[in-house]
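One structure below.
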Amino acid sequence: MISFRAATTFATISAICGITFTTLQAASEPDNGQIALTVAKLLEQGQYTQTKLDDAMSAKVLDRYIEDLDYAKLFFTEDDVANFRKKYATQLDDDILLGNVEPAFEIYDLYKKRVTDRVAWVKKTLDEKFDFTSDQTVALDRKEMSRPKSMEEADALWHKRIENELLTEMLGKDAISKVAAGKDDVKSVPKDVAVTPVKALTRRYDQILRNINERDRNDQTELFLNSLATSYDPHSEYFGKSQQDSFNIQMKLSLVGIGAVLKSDEGYTKVSELVAGGPADRDGRLKVGDRISAVAQDKDPLVDIVDMKLDKVVEKIRGKKGTTVRLQVIPANNEGGQRKMIEIVRDEVQLKEKFAKAEIVERPDANGKMERLGWITLPSFYADISKKSKTSRSTTRDIAALIKRLQKENIDGLVVDLRKDGGGSLEEAVNLTGLFITEGPVVQYQTVNGGKFVLDDKDPEVAYGGPLIVLTNKFSASASEIFAAALQDYGRAVIVGDSSTFGKGTVQTMLDLNDFMPLLSQGDGAGALKLTIQKFYRVSGGSTQLRGVSSDIQLPSIYDTPKVGEVALENPLPYDEIPAKKLDLANNKHDLFIDELKHRSGDRVVHDQEFKFANEDITRVREQIQKNELSLNEKARRALIAEDEARKKTRVEIRAKMPAATDKVYELTLDDIDKPVLDLASNKKNDKAKKKEGEIDEDGDADGNEPTVDAVRSETLNILTDLVNLSKAPRTASTIK
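The opening residue of the sequence shown carries number 797 in my numbering; numbering runs sequentially from there.
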């Protein structure tokens, strides 16, 4: 996502939209109808397309809401949907603009009934005897398939679904039990091994029903308004209060709380992870696996949170810095269920694992001379948009600090890894680009009203001017695409990765709805609207919308499919172009030797065993997507498993004969900037990555014998080595022997 701060204040948006709202009487609870009206008006007049909420859009919103509730087309029948369309297809817009959200509740109530009835049906069906000998198949993805015409047809679809889930559970338990049988320490075997497939599915569907029942009218309104927003484009979204808080946390990578990652587990709130260095981690009493049964603020009475929605629990545990929260905890190692009390003082928690980080890779070049290559990994373009915190994070500041240390370590070249970087702050994308170019335009954008503007890097200083590669994949989006596109247009970096990036060329702003409805409530529970207000364009004139940024050098990847990217989303904005801007190529363009690098890389890739494996996987995945079915026959499924195990075994044997990597890798985090000597990471990472024979993963997978090999990383380093050497002594393909 792209967040945009400049010129997007409350007053500016109000002026753009021409929106005025009548003063409302203060209330203790948000008025869902008034929130819906506000969201609708902002979408009509502030979203990039400025599409009216008319009958055509009404039908679109209705279908979107139905699909969001029942995406697999398993609960609602064709008759259900036909009745909804007959009643609301041309009426829903009028209801929304009148502040009436009852239609959303009516649709949800039927959905809830359908789920409740289906869960009861599932439990009854689980008592049947399945022999798994049929030749039937089940669809893997029902998105493009029709809904059941009747409840009888729905029963038939569900029967296949349950049969598949039982078979999958049974085969999974067999695999884990097979591994567990060879373990000496029975305590290390997961307890779920003893859980029967029927019991596992019963738990699963009980949790589904619990989730459905937990949603109150506010939650249902949130679902409906998000369907309304995404009917305009896939990146306009409505956020309830908890989602709004989570978004802000992800942008600034910090929060005030205890530093515990929580999840729902059979009605309890379970600790799944402790943030290193957070209050709970420092305190030491709260452990992973502990279940929290009640919460209290300082000296207030305990509030039972069993069966409470997770986001409501999180709200109770978070709070102001320096305040105390009391937790009633059932320890993970306490089979009797005895409880203990833990008091923790809330503090600022920084999500350091999501900060930018770096590595130094030491390896011999073609002539045997040791070279040092820098590698920066950037998970997102983070920033504290409010800039209220004294310790606010900045992507650009952090990477500038990493580069400074990398330069001190005498790196010969640098990779900026943006794989799976979904974007973030537009301002940070511009500023980060400025670390690698002198000055000039970085990105253009066009507003709702057709105005065209340019965002420039105004700082002539360059933090790093050496050989540079930007590594992307299909999940690199938004701000990542701005950064990659600008460096490509300036001829500053070689883009390596999938055929193209995600293809998100739109800009969003976050609007706190309380600013538009100041007297709506006594608190701040109206939520926020992430609104698409602009499209951005490369300085060369083309949009990244739908097309993304094409790689100069493409590497095989299982993610490189039409199923991934903006083009696969509902209601994307179209591709278009605007005039290009003049660039200062004289002071920025580097000799990148693209043709030569492609030639050398292509020769390596075609002979590289890991890429041969990757191409086999790509072919298999594409065939599975096209086939879109899975056998319900146990023998056929076991044959597939045996085939998969044989393939993995063969790969392990082949890898065992391959030469061991000689690279030395040194870790560089933001905490290590001033560290005299950096830690050697290679051995530590290999120890962590390699599982002992027969070891079971936390998620229950028993396939730990095959190590994870990042072939794309290895080849990107090879390309960087070539770029470094060519920059020193250029050669052409014709000179290669």
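Ideal Cβ placement from N, Cα and C applies to all residues, glycine included. For clarity, every value in this text was computed on a predicted model and none was experimentally measured.
Residue i: which of the options sits nearest, CA to CA?
| i | options | result |
| --- | --- | --- |
| Ser1339 | Gln1242, Leu1228 and Tyr907 | Gln1242 |
| Glu948 | Ile1278, Asp890, Val1145 and Asp875 | Asp875 |
| Gln887 | Thr921, Asp851 and Thr1234 | Asp851 |
| Ser1523 | Lys1331, Gly1261 and Asp1096 | Gly1261 |
| Arg1159 | Lys882, Ala1456, Ala1376 and Gly1036 | Ala1456 |
| Gly1236 | Gln1146, Val1258 and Ile1450 | Val1258 |
| Lys1148 | Leu1466, Phe926, Ile903 and Glu1511 | Leu1466 |
| Trp1171 | Ile1233, Val1266 and Val1084 | Val1266 |
| Arg1078 | Ile1088, Phe1249, Ile1054 and Thr1415 | Ile1054 |
| Leu1369 | Thr1357, Asn1384 and Gln1330 | Gln1330 |
| Leu1379 | Ser1427, Phe1298, Thr933 and Leu1251 | Leu1251 |
| Lys882 | Asp859, Tyr867, Phe901 and Gly895 | Asp859 |
| Tyr1462 | Arg1447, Ala1432, Ile1207 and Arg1087 | Ile1207 |
| Leu1106 | Leu1098, Ala1281, Ile1374 and Asp1061 | Asp1061 |
| Thr1302 | Val1141, Phe1332 and Lys1116 | Phe1332 |
| Ala1179 | Ala1289, Asn1129 and Ala1275 | Ala1275 |
| Glu1412 | Lys1066, Arg1509 and Lys1444 | Lys1444 |
| Val1520 | Ala1452, Arg1396, Pro1263 and Ala1410 | Pro1263 |
| Thr929 | Val1473, Leu1476, Asp1470 and Ala1432 | Ala1432 |
| Asn1227 | Phe1177, His1395, Ser1346 and Arg1215 | Phe1177 |
| Pro1352 | Phe1409, Leu1327, Pro1358 and Gln1304 | Phe1409 |
| Ile1390 | Pro1358, Gln1350 and Tyr1371 | Gln1350 |
| Arg1512 | Asn960, Val1211, Tyr1001 and Gly1321 | The residue asked about is misnamed: residue 1512 is Thr in this sequence, not Arg. Here the closest residue by C-alpha is Val1211. |
| Asp1012 | Arg957, Lys908 and Tyr1001 | Lys908 |
| Gln932 | Ile958, Asn1514, Val911 and Gly1337 | Ile958 |
What three-state label does DSSP hand residue i in the structure shown?
| i | result |
| --- | --- |
| Val1520 | helix |
| Asp1493 | Its pLDDT being 32, under 50, Asp1493 is placed unreliably by the model, and nothing is read from it. |
| Tyr904 | helix |
| Leu1513 | helix |
| Lys1343 | Note on identity: in this sequence residue 1343 is Arg, with Lys being the wrong assignment. Three-state DSSP puts Arg1343 in coil, outside helix and strand. |
| Gly829 | helix |
| Gly1118 | coil |
| Phe1356 | Residue 1356 is actually Asp in this sequence, not Phe. Three-state result, Asp1356: coil. |
| Ala1477 | coil |
| Ile812 | Note that Ile812 has pLDDT 42, beneath the 50 cutoff, so the model's placement of it is unreliable and no number is given. |
| Asp1470 | coil |
| Val1505 | coil |
| Arg1434 | helix |
| Ile1374 | coil |
| Lys956 | helix |
| Lys848 | coil |
| Phe1407 | helix |
| Ala1525 | coil |
| Lys869 | coil |
Which residues mark the beginning and the end of the alpha helix (DSSP H) in which residue i is found?
| i | result |
| --- | --- |
| Glu1111 | Leu1106 to Ile1113 |
| Met1454 | Run containing Met1454: none; DSSP gives neither H nor E here. |
| Ile862 | Asp851 to Leu865 |
| Lys882 | Glu874 to Tyr884 |
| Arg1396 | Ile1390 to His1403 |
| Leu1426 | From DSSP, Leu1426 is part of no alpha helix (DSSP H) but of the beta strand (DSSP E) over Glu1425 to Ser1427. |
| Ile892 | Leu888 to Leu893 |
Could you spell out the range, first to last residue, of the beta strand (DSSP E) harbouring residue i?
| i | result |
| --- | --- |
| Tyr1178 | No beta strand (DSSP E) holds Tyr1178; DSSP gives it neither H nor E. |
| Arg1159 | Lys1153 to Pro1160 |
| Val1145 | Asp1143 to Gln1146 |
| Leu1464 | Lys1460 to Leu1464 |
Report task. Specify whether the stretch 1209-1226 and the stretch 1187-1200 touch according to this definition: at least 3 beta carbon pairs, one from each stretch, less than 8 Å apart. Result -> yes
Report task. Kindly provide the ranges of any alpha helix (DSSP H) runs that are 4 or more residues long and lie completely inside the stretch 1195-1243, ordered along the chain. Result -> 1222-1229
Query - Segments assigned alpha helix (DSSP H), at least 4 residues, entirely inside the stretch 1062-1090 - result: 1075-1079
Query raised in the report: Which residue spans inside the stretch 1251-1329 form an unbroken alpha helix (DSSP H) run of at least 4?
Result: 1275-1285 and 1309-1312
Query raised in the report: Pairing CB atoms from the stretch 1038-1045 with CB atoms from the stretch 942-958, are three or more of them under 8 Å?
Result: no
Query raised in the report: Do the stretch 931-939 and the stretch 1402-1411 make contact, defined as three or more Cβ pairs closer than 8 Å?
Result: no
Requested in this report: Go through the stretch 991-1058 residue by residue and report every complete run of the alpha helix (DSSP H) that reaches 4 residues or more, in order.
Outcome: 993-1010, 1013-1026 and 1037-1048
Query raised in the report: Touching or not, the stretch 1042-1052 and the stretch 1089-1102, by the rule of three or more beta carbon pairs under 8 Å?
Result: no
Report task. Could I get the ranges of all uninterrupted beta strand (DSSP E) runs contained in the stretch 914-946, with 3 residues as the minimum, in chain order? Result -> 933-935
Requested in this report: Inspect the CB distances between the stretch 955-968 and the stretch 1432-1443 and report whether three or more fall short of 8 Å.
Outcome: yes
Query raised in the report: For the stretch 1414-1421 against the stretch 898-918, are there 3 or more C-beta pairs whose distance is under 8 Å?
Result: no
Requested in this report: Report yes or no: do three or more beta-carbon pairs, one from the stretch 1135-1149 and one from the stretch 1079-1091, lie closer than 8 Å?
Outcome: yes
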